[in-house]
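Residue numbers (this note's numbering): 984 to 1738.
Now the structure itself:
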């Protein structure tokens, strides 16, 4: 019972070991489910599970009934119109990266949005083309359907090449969608737990830089090929700067003007968002104005600018993927599937944290997988989420995926009716609009300074992720970043924080002895804490730190004692030692023997427990020994291991820990383990950790329980009037521990603990 007294509390309870506590409070032995039990539970059907499964598979039915129509509809309409226009423009621009006619980009901007509306869990991302993913698909397209090298540039031949490229893009998109759907169905969305916030930030920043570089050739109107390989960004920049003198000045000026206007208006939207009823749809205004100017001033003929060109109206009939193509692009499809999901989930996680809601990695895989399958069937190309387009949907006030549906309607209108209005639009305008919304992602560079001050490991992860994704590409860069992040976890757990604890304030609080001056250390007791899991990679480090903390190597002490016993037996046999009431007395000069002579037996014998049953007297290793016999002095009698921070102990570490503890026990040092989590002892029992030397009675609930047990045990051993307490005591037994000194005064009634 806890009795609060002001800001103090008083506790009266027995000193509990793990065994005593479990027996007194009737601990239940739970049945651990087998793999078959888990399968039965997983496939068990009930109305509640069916409802949960349906809502999980179709998230739209969980949020749509709770939609706040009056509060959100205006924001979603404005956001949807702005996002839809950007989606149209990006669909046209990113189709050029895939090396297919621009009109097919509209299909990639339409179908994935419809699928994501039903199956997606993020409220703010805009599904559709992503430039780096488009570059990856474009690399497969160029590899399988290269440019016509015969020089025959007839319209018929160009049309056939375009049809083949469209089929390759659609097939690789379909296959990547199948991989994503398969991963989502098999619940492999857990891989997102390996994407930390610093990794996601570095990765999305690198993706934004890739987008920036990919759009430069459209802003400058330069013929730059796509380099989908390690250091591709270097080759791209090299190609751009080698042709910089051929820049189309009209396109460059248009790009800079559009960028300036977009940045200024967006800054105004951010600064005055509280006063504006809705953000200014600058993308819409700029697009309309640029298309009108280009049309009436005839920019294409006067300045030779690159324009969108003719767009076909209506949809193409769905097609089945080409099996021959699928066989040639399996590896590419896996990379596209993983990078597409990683980008989409990274952006979705940024917005979910910002707006405080949950997203489901498995469901996101299913949503994007189905989106790519449907999009590929209608001759679209791989979709994820464009950073800039999602930024538009969120920054213009989008609340839910209703904005996504409205953006799809805008794309649909362009496909069916008004696509011809965009034919005179400059491609450089498309590139500028794509870059105009990357400010938020590029500003994540500021996080480096914050991370360096708060957590240098996270800062290093950010930098490594960024550099790997920049120079190795998003696919290899992401794999490298995840591997490096896992390596940092291994390094941190391989070199855990190990400290010596002491009592602070003469109560039940134990802290690092280096951090406080008012400390108390029980005589002959060492309290050692390891603040990390113990496993095969750090068990040797744990052992070294423990030996360093106690000040001696128990195995060395044990071997020295066994050597000393062997020498004593020889001296007794030769009559060089005599037993007296005061101990052993040397009556003759001892024969000098080298260590080699003493070690003529196997080393394993020296590692066994010391046996004195054949000696006429028990040896006190702390007392004076006969001349010529020396052993290391041991000034402690008990070690308490604080395992409150040890989350797991693997089998390899368990065996080395058992061996280490036995070495201490064999030199008469008591070992206690405090604070181990529930089930720890049970796991050790299953692994046959305990034997005659290592017993379950060494486990105590807290450090203080172990300390009080040691103090009571020493008092009983030093007082002939006290009898050893029975292993199981009643709740009425108690130890009285005064606040000044933490020393036990055990009387005929040993046990109340007062702090």
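Ideal Cβ positions, reconstructed from N, Cα and C, are used throughout, including at glycine.
Beta-bridge partners of residue 1682, as assigned by DSSP
Position 699 of the chain shown, counted from the start, is the residue given in the question as residue 1682. Beta-bridge pairing links residue 1682 to 1656.
Does DSSP put residue 1112 in a helix, in a strand, or in coil?
Position 129 of the chain shown holds residue 1112. If DSSP states are grouped into helix, strand and coil, residue 1112 belongs with the strands.
Excluding the 5 residues flanking residue 1542 on each side, which residues of the same chain have their C-beta closer than 6 Å to its C-beta?
Here residue 1542 is taken as the residue at index 559 of the chain shown, counted from 1. For residue 1542, same chain residues with a beta-carbon under 6 Å away, outside a window of 5 residues either side, are 1589 in chain order.
With a CB to CB cut of under 6 Å and the five nearest residues on each side skipped, what residues in its chain are close to residue 1435?
The residue labelled residue 1435 in the question sits at position 452 within the chain shown. So the qualifying residues of the chain are 1442.
Could you compute how far the alpha carbon of residue 1684 sits from the alpha carbon of residue 1488?
By one-based count along the chain shown, residue 1684 stands at place 701. By one-based count along the chain shown, residue 1488 stands at place 505. Roughly 20 Å separates the two Cα atoms.
Hey, out of 1634, 1368, 1354, 1691, whose CA is closest to residue 1506's CA?
Counting from 1 along the chain shown, the entry for residue 1506 is found at position 523. Ranking 1634, 1368, 1354, 1691 by Cα distance to residue 1506 puts 1691 first.
Reduced DSSP category for residue 1716 - H, G, I as helix; E, B as strand; rest coil
To locate residue 1716, count along the chain shown from 1; it is residue 733. Low confidence applies to residue 1716: its pLDDT is 43, below 50, so where it sits in the model is not reliable, and the reading given next is rough at best. Here residue 1716 sits in coil by DSSP.
Sorted by chain position, which residues of the same chain lie with C-beta nearer than 8 Å to residue 1639's C-beta, five sequence neighbours on each side aside?
As a position in the chain shown, residue 1639 is number 656, starting the count at 1. Cβ-Cβ distances below 8 Å link residue 1639 to 1522, 1523, 1526 in the same chain, with the five nearest sequence neighbours on each side left out; the list follows chain order.
Just curious, the alpha helix (DSSP H) that residue 1072 is in, first and last residue?
The count along the chain shown starts at 1 and reaches residue 1072 at position 89. Membership of residue 1072 in the alpha helix (DSSP H) is indicated by the continuous run 1052-1081.
What is the rounded straight-line gap between the Cα of residue 1422 and the Cα of residue 1246?
As a working note, residue 1422 is residue 439 in the chain shown. As a working note, residue 1246 is residue 263 in the chain shown. Distance from the CA of residue 1422 to the CA of residue 1246, rounded to the nearest whole angstrom, comes to 9 Å.
Which parts of the segment 1384-1463 are runs of the beta strand (DSSP E), unbroken and 3 residues or longer, counting only runs that do not cross its ends?
Runs of the beta strand (DSSP E) lying entirely within the segment 1384-1463, each at least 3 residues long, are absent.
Measure the alpha-carbon distance for residue 1210 versus residue 1225 and round it to whole angstroms.
In the chain shown, the residue the question calls residue 1210 occupies position 227. In the chain shown, the residue the question calls residue 1225 occupies position 242. C-alpha of residue 1210 to C-alpha of residue 1225: approximately 15 Å in a straight line.
What distance in whole Å lies between the Cβ atoms of residue 1650 and residue 1682, which are believed to be in contact at a cut-off of 8 Å?
Within the chain shown, residue 1682 is the residue found at index 699, counting from 1. Within the chain shown, residue 1650 is the residue found at index 667, counting from 1. For residue 1682 against residue 1650, the beta-carbon gap comes to about 21 Å, at or over 8 Å, which does not count as contact.
Measuring only the C-alpha atoms, how far is residue 999 from residue 1678?
Here the question's residue 999 lines up with position 16 in the chain shown. Here the question's residue 1678 lines up with position 695 in the chain shown. So the two alpha carbons sit approximately 16 Å from each other.
Where does the unbroken beta strand (DSSP E) through residue 1367 begin, and where does it stop?
Here residue 1367 is taken as the residue at index 384 of the chain shown, counted from 1. Unbroken beta strand (DSSP E) run through residue 1367: 1366-1368.
Over what stretch of residues does the alpha helix (DSSP H) that includes residue 1495 continue unbroken?
Here the question's residue 1495 lines up with position 512 in the chain shown. Per DSSP, residue 1495 lies in no alpha helix (DSSP H) segment; the continuous beta strand (DSSP E) that holds it begins and ends at 1493-1495.
Could you tell me whether the segment 1528-1542 touches the segment 1612-1630, where touching means 3 or more Cβ pairs closer than 8 Å?
The segment 1528-1542, when compared against the segment 1612-1630, does touch it at the 8 Å Cβ threshold.
In angstroms, rounded to a whole number, what distance separates the CA positions of residue 1711 and residue 1499?
For the purposes of this step, residue 1711 is taken as residue 728 along the chain shown, with counting starting at 1. For the purposes of this step, residue 1499 is taken as residue 516 along the chain shown, with counting starting at 1. Here the model assigns residue 1711 a pLDDT of 42, short of 50, so the residue's position is not dependable and the matter cannot be decided.
Looking only at its chain, what residues have a beta carbon closer than 6 Å to the beta carbon of residue 1264, apart from the 5 residues adjacent to it on each side?
Indexing the chain shown from 1 puts residue 1264 at position 281. Excluding residues within five positions, the ones whose Cβ falls inside 6 Å are 1065.
Looking only at C-alpha atoms, which of 1011, 1221, 1184 sits nearest to residue 1197?
In the chain shown, the residue the question calls residue 1197 occupies position 214. Of the listed residues, the one whose Cα sits closest to residue 1197 is 1221.
Does DSSP put residue 1177 in a helix, a strand or coil?
For the purposes of this step, residue 1177 is taken as the residue at position 194 of the chain shown. Residue state, collapsed to three classes: helix.
Are residue 1117 and residue 1061 close, meaning C-beta to C-beta below 8 Å?
The residue given as residue 1117 occupies position 134 in the chain shown. The residue given as residue 1061 occupies position 78 in the chain shown. In this structure, residue 1061 does not lie closer than 8 Å to residue 1117 by Cβ.
For residue 1470 and residue 1182, I'd like the C-alpha separation in whole angstroms.
In the chain shown, residue 1470 corresponds to position 487, counting from 1. In the chain shown, residue 1182 corresponds to position 199, counting from 1. Their Cα atoms are separated by approximately 13 Å.
At what residues does the beta strand (DSSP E) containing residue 1633 begin and finish?
Here the question's residue 1633 lines up with position 650 in the chain shown. From DSSP, residue 1633 is part of no beta strand (DSSP E); its letter is neither H nor E.
Find out if the Cβ-Cβ distance for the pair residue 1528, residue 1622 is shorter than 8 Å.
One-based indexing of the chain shown puts residue 1528 at position 545. One-based indexing of the chain shown puts residue 1622 at position 639. Not in contact: residue 1528 and residue 1622 (Cβ atoms no closer than 8 Å).
Run of the alpha helix (DSSP H) containing residue 1246, from where it starts to where it stops
The sequence position of residue 1246 within the chain shown is 263, counting from 1. 1232-1254 is the span of the alpha helix (DSSP H), which, as asked, contains residue 1246.
Under the assumption that residue 1569 contacts residue 1610 (Cβ atoms under 8 Å), give the Cβ distance between them as a whole number of angstroms.
One-based indexing of the chain shown puts residue 1569 at position 586. One-based indexing of the chain shown puts residue 1610 at position 627. Going by Cβ atoms, the distance from residue 1569 to residue 1610 rounds to 5 Å, so yes, they are a contact pair.
C-beta atoms of residue 1359 and residue 1153 nearer than 8 Å:
Looking up residue 1359 in the chain shown gives position 376. Looking up residue 1153 in the chain shown gives position 170. Their beta carbons are under 8 Å apart, which means residue 1359 touches residue 1153 by this criterion.
From residue 1350 to residue 1107, what does the alpha carbon distance come to, in whole angstroms?
Reading the chain shown from its first residue, position 367 is the one you call residue 1350. Reading the chain shown from its first residue, position 124 is the one you call residue 1107. Computed Cα separation, rounded: 14 Å.
Can you give the Cα-Cα distance for residue 1601 and residue 1551, rounded to whole angstroms?
In the chain shown, residue 1601 corresponds to position 618, counting from 1. In the chain shown, residue 1551 corresponds to position 568, counting from 1. Counting only the Cα atoms, residue 1551 lies some 12 Å from residue 1601.
When the Cβ atoms of the segment 1439-1455 are set against those of the segment 1404-1421, are three or more pairs found closer than 8 Å?
No, the segment 1439-1455 is not in contact with the segment 1404-1421.
In DSSP terms, what residue 1625 is bridged to
As a first step, residue 1625 must be located in the chain shown, where it is residue number 642. Per DSSP, 1512, 1657.
How is residue 1487 classed by DSSP in three states: helix, strand or coil?
Locating residue 1487 in the chain shown gives position 504, counting from the first residue. Collapsing the DSSP output to three states places residue 1487 in a strand.
Does the Cβ-Cβ distance between residue 1631 and residue 1516 come in under 8 Å?
Indexing the chain shown from 1 puts residue 1631 at position 648. Indexing the chain shown from 1 puts residue 1516 at position 533. Against a cut-off of 8 Å, the Cβ pair of residue 1516 and residue 1631 comes out as a contact.
Quick one, are the C-beta atoms of residue 1115 and residue 1155 less than 8 Å apart?
As a first step, residue 1115 is located in the chain shown; it is residue number 132 there, counting from the start. As a first step, residue 1155 is located in the chain shown; it is residue number 172 there, counting from the start. For residue 1115 and residue 1155, no; Cβs fall outside 8 Å.
According to the neighbour-count rule (16 or more other Cβ atoms, all chains shown, within 10 Å of its Cβ), is residue 1336 buried or exposed?
Counting from 1 along the chain shown, the entry for residue 1336 is found at position 353. Exposed, by the Cβ-count rule.
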